[in-house]
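Residues 1 to 372 in UniProt numbering are what the sequence shown spells out, letter by letter.
We put the beta carbon where it would ideally sit given N, CA and C, even for glycine.
Take a look at the structure below.
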Amino acid sequence: MRIGITCYPSHGGSGVVATELGKLMSERGHQVHFISYDIPFRLGSFHHNIHYHEVEANRYAVLRVPPYDLALANRMAQVAKMHHLDLIHVHYAVPHALCAYLAKQMVGKSLKVVTTLHGTDITVLGEDPSLKDIICFGINHSDAVTAVSESLVRQTKELFCVDQGLDKIYNFVDQRVYKPKDVSDIRCEYATNEEKLLLHISNFRAVKRPLDVIRIFEQVQKHVPSRLILVGEGPEWPRAVQLAKDLGLESKISFLGKQDEVARLISLADLLLLPSSKESFGLVALEAMACGVPTVGSRAGGLPEVVIDGETGFLSEVGDVSHMAKNAIRLLTDSELYHRCSENGLIRAKEVFCAEKIADQYEALYQRVIET
Numbered sequence: 001m002r003i004g005i006t007c008y009p010s011h012g013g014s015g016v017v018a019t020e021l022g023k024l025m026s027e028r029g030h031q032v033h034f035i036s037y038d039i040p041f042r043l044g045s046f047h048h049n050i051h052y053h054e055v056e057a058n059r060y061a062v063l064r065v066p067p068y069d070l071a072l073a074n075r076m077a078q079v080a081k082m083h084h085l086d087l088i089h090v091h092y093a094v095p096h097a098l099c100a101y102l103a104k105q106m107v108g109k110s111l112k113v114v115t116t117l118h119g120t121d122i123t124v125l126g127e128d129p130s131l132k133d134i135i136c137f138g139i140n141h142s143d144a145v146t147a148v149s150e151s152l153v154r155q156t157k158e159l160f161c162v163d164q165g166l167d168k169i170y171n172f173v174d175q176r177v178y179k180p181k182d183v184s185d186i187r188c189e190y191a192t193n194e195e196k197l198l199l200h201i202s203n204f205r206a207v208k209r210p211l212d213v214i215r216i217f218e219q220v221q222k223h224v225p226s227r228l229i230l231v232g233e234g235p236e237w238p239r240a241v242q243l244a245k246d247l248g249l250e251s252k253i254s255f256l257g258k259q260d261e262v263a264r265l266i267s268l269a270d271l272l273l274l275p276s277s278k279e280s281f282g283l284v285a286l287e288a289m290a291c292g293v294p295t296v297g298s299r300a301g302g303l304p305e306v307v308i309d310g311e312t313g314f315l316s317e318v319g320d321v322s323h324m325a326k327n328a329i330r331l332l333t334d335s336e337l338y339h340r341c342s343e344n345g346l347i348r349a350k351e352v353f354c355a356e357k358i359a360d361q362y363e364a365l366y367q368r369v370i371e372t
C-alpha cells in the first residue's frame, strides 16, 4: 500500500502514535509519506520506505495569518498524485480531516481518507460551538474513523451527529523500545539508593494537572524518602516551578523540560503520576507499564481502559490528591503489591497493546477502505 500520514509533529501522543505507526507500516513493506510542516520528532534517522513532504504556507499581505490549512490540502493532493497514494491517514479531525477531504476532491474518489480521533479534537475543540459543525463534517466525510479508546468513541457519539461507525483501535507501544532497562548508571544522578523516584511526563497543560503532581509528591515524600522528575513544558510550567518553591521542594524536584527519548527516563522511575482531568487514552501510562512502572492516576476518560485499578496501578477521582498520595505510598512501601502491579502491567502491555497486534488492525482497516 501507499500511505500518506498527516499529524502534528510535536511531542503530543497523537504525533507519537502516528509516527510509530508509519514506521511499523514501512517495516511491513508499505510506502509511507509523512505530510506536515515539520519532520515528526519521533521519526529520527533514515527509514526505508518512509518519505517526508514539507508543507509551506506562504504569507500574503491581505491575510492576517498564513493559510496553512489550504497549503496542507494542496500538498496532500500533490503528494497523492505524484506517488499514487491509496489513502491518507490523518490524526485529528481539525484541521487534518478537512484538509484531506479537500485533497480527495482534487485527486478523485480513489484517494481514501482515514481519520483517527485522539481526544483534544473531541473533548476540547468539540465543546466549542464555532467548531462543532466543521468537526462533524470532517468525521462524516472520512472513509473510516477510529478512536483510541471506548471512552472516546462514546464521547464522540454523544457530542456529534456521526453518520458512520467508529472503530476503536487502541494506541500501542513498541516493546523493542519500551521495556525494563538497566539504568543504574544514571539513576544516582536523581536519587540515592534509599530514595524512590516518582515521574510525571506531559505537555503541562491545565488538563494534565501538574500542580496536583507536586501536591501528591509533597504528601508522599513525608512518608517515603523520594524525589520527583518532571518532564515536559507548557503553560502550567511556571506555576509548577513556583509551587515547588512555595512548598520548599525545589531541591527534591528535577525539571527536565522536553525530552525526545523517554524510555530510559521511564525506567528510572518507581512510579508514574498521571492525575489528568481529561485523558482520552493515556499513552505515557502504557509506556510506563511496558517498562514495568505502575501508574497512580485519575479515573479520567480512557485511562481506566489502560490502567486496571488495583492490578496494574491505582486510580482515583480527579482532584483527589490525598487518595492518590495514599495509593502511591501504599505501592512504594508494599514490595509484594508493587511487584504484582509491575508484572501485571508488563503482561497487559504485551497482550493488549502490542505494536504488531495494533498494526494488524490498522492494516486490515486500510485494506477494507481501499477495497470499498
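| Does the region 175 to 185 come within contact of the region 141 to 156, defined as at least 3 CB pairs closer than 8 Å? | no
| request: Below 6 Å CB to CB, which residues in the same chain sit around Asp246 once its five sequence neighbours on both sides are set aside? | output: Residue numbering aside, residue 246 sits at position 246 when the sequence shown is read from its first letter. No residues qualify anywhere along the chain.
| task | Excluding the 5 residues preceding and the 5 following Ala93 in the sequence, name in chain order all residues of the same chain whose CB lies nearer than 7 Å to its CB. | result | Numbered from 1 along the sequence shown, position 93 holds the residue referred to as residue 93. Contacts found: Thr115, Leu117, Asp121, Ile135, Gly138, Ile139.
| field | Beta-bridge pairing of residue 379 - partner residues as DSSP gives them | value | This structure cannot speak to residue 379, because the chain is shown only from 1 to 372.
| task | Apply the 10 Å Cβ neighbour rule to Gly319 and answer buried if 16 or more other Cβ atoms are within range, or exposed otherwise. | result | Looking up residue 319 in the sequence shown gives position 319. Gly319 is exposed by the Cβ-count criterion.
| request: Note down, in chain order, each residue of its chain lying with its Cβ closer than 7 Å to the Cβ of Ala244, except the 5 sequence neighbours on either side. | output: Here the question's residue 244 lines up with position 244 in the sequence shown. Counting only Cβ-Cβ distances below 7 Å, and skipping sequence neighbours, we find Ile214, Glu250, Ile253.
| said: For the ligand FAD, is there any heavy atom lying closer than 7 Å to the beta carbon of Gly4? | reply: This structure does not include the ligand FAD; it has no bound ligands of any sort.
| request: Closer than 7 Å by C-beta to Gln221: which residues in its own chain qualify, once you throw out the five before and the five after it? Chain order, please. | output: Here residue 221 refers to the residue found at position 221 when the sequence shown is read from its first residue. Short of 7 Å from the beta carbon of Gln221, and not among the five residues preceding or following it, lie these beta carbons of its own chain, in chain order: Lys252.
| Distance, Cα to Cα, Cys188 vs His51? | Within the sequence shown, numbered from 1, the residue matching residue 188 stands at position 188. Within the sequence shown, numbered from 1, the residue matching residue 51 stands at position 51. Each residue's alpha carbon lies about 40 Å from the other.
| said: Let me confirm a value: residue 374 is counted as buried when at least 16 other C-beta atoms fall within 10 Å, else exposed. Which label applies? | reply: Here the chain has residues from 1 to 372 only, and residue 374 is not among them.
| said: Check for me: the alpha helix (DSSP H) holding Thr19 runs from which residue to which? | reply: Stepping through the sequence shown from its first residue, residue 19 is reached at position 19. Note, Thr19: alpha helix (DSSP H), 13 to 27.
| message | Which residue marks the beginning of the beta strand (DSSP E) containing residue 441, and which one marks its end? | response | The shown model of the chain, from 1 to 372, leaves out residue 441, and the question about it has no answer.
| Does the beta-carbon distance from Tyr178 to Ser149 come in below 8 Å? | The sequence position of residue 178 within the sequence shown is 178, counting from 1. The sequence position of residue 149 within the sequence shown is 149, counting from 1. For Tyr178 and Ser149, no; Cβs fall outside 8 Å.
| request: Confirm, please, whether the CB-CB distance from Val262 to Val231 is below 8 Å. | output: Against the sequence shown, residue 231 aligns to sequence position 231. Against the sequence shown, residue 262 aligns to sequence position 262. In contact: Val231 and Val262 (Cβ atoms closer than 8 Å).
| field | Boundaries (first-last residue) of the alpha helix (DSSP H) holding Ser342 | value | Within the sequence shown, the letter at position 342 stands for residue 342. Looking at the DSSP string, the run of the alpha helix (DSSP H) that includes Ser342 is 335 to 352.
| task | Check whether the Cβ atoms of Gly297 and Gly310 lie closer than 8 Å to each other. | result | Looking up residue 297 in the sequence shown gives position 297. Looking up residue 310 in the sequence shown gives position 310. The answer is no: Cβ separation not under 8 Å.
| request: Entirely within the region 251 to 326 and at least 4 residues each: give me those alpha helix (DSSP H) ranges in chain order. | output: 263 to 268, 283 to 290, 303 to 306
| said: In the DSSP output, which residue or residues are listed as bridge partners for Gly4? | reply: On the sequence shown, residue 4 is found 4 positions in, with the first residue counted as 1. DSSP output for Gly4 lists His33, Ile88 as bridge partner(s).
| query | Is Glu54 helix, strand or coil when you go by DSSP? | reply | To locate residue 54, count along the sequence shown from 1; it is residue 54. Reduced to three states, the DSSP call for Glu54 is strand.
| query | Hey, would you say Ala73 sits closer than 8 Å to Leu102, going by beta carbons? | reply | Residue numbering aside, residue 73 sits at position 73 when the sequence shown is read from its first letter. Residue numbering aside, residue 102 sits at position 102 when the sequence shown is read from its first letter. Yes, Cβ-Cβ distance for Ala73 and Leu102 is below 8 Å.
| said: Tell me which residues share the same chain as His200 and place their Cβ nearer than 6 Å to its Cβ, disregarding the 5 neighbours each side in the sequence. | reply: By 1-based counting over the sequence shown, the position of residue 200 is 200. Counting only Cβ-Cβ distances below 6 Å, and skipping sequence neighbours, we find Val213, Leu230, Leu273.
| message | I'd like to check one pair, Val207 with Leu286: are the Cβ atoms closer than 8 Å? | response | Numbered from its first residue, the sequence shown carries residue 286 at position 286. Numbered from its first residue, the sequence shown carries residue 207 at position 207. No, the Cβ-Cβ distance between Leu286 and Val207 is not below 8 Å.
| Is the CB-CB distance between Pro304 and Ser342 below 8 Å? | Sequence index remark: in the sequence shown, residue 304 carries index 304 (1-based). Sequence index remark: in the sequence shown, residue 342 carries index 342 (1-based). Contact: no.
| field | Cβ-based burial, Cys161 [other Cβ within 10 Å; buried from 16] | value | Within the sequence shown, the letter at position 161 stands for residue 161. By the 16-neighbour rule on beta-carbons within 10 angstroms, Cys161 is exposed.
| said: Pop quiz: Val224 and Lys258 are said to be a contact at Cβ under 8 Å. What is the actual Cβ separation, rounded to whole angstroms? | reply: For the purposes of this step, residue 224 is taken as the residue at position 224 of the sequence shown. For the purposes of this step, residue 258 is taken as the residue at position 258 of the sequence shown. Taking the Cβ atoms as the reference, Val224 lies roughly 28 Å from Lys258, outside the contact range of under 8 Å.
| field | Span of the beta strand (DSSP E) around Val145 | value | Working through the sequence shown from its first residue, we reach residue 145 at position 145. Its beta strand (DSSP E) spans residues 144 to 147.
| task | Measure the C-alpha to C-alpha separation of Lys81 and Asn49 and round it to an integer number of angstroms. | result | For this step, residue 81 is matched to residue 81 along the sequence shown. For this step, residue 49 is matched to residue 49 along the sequence shown. If I take the Cα positions, the gap works out to 18 Å.
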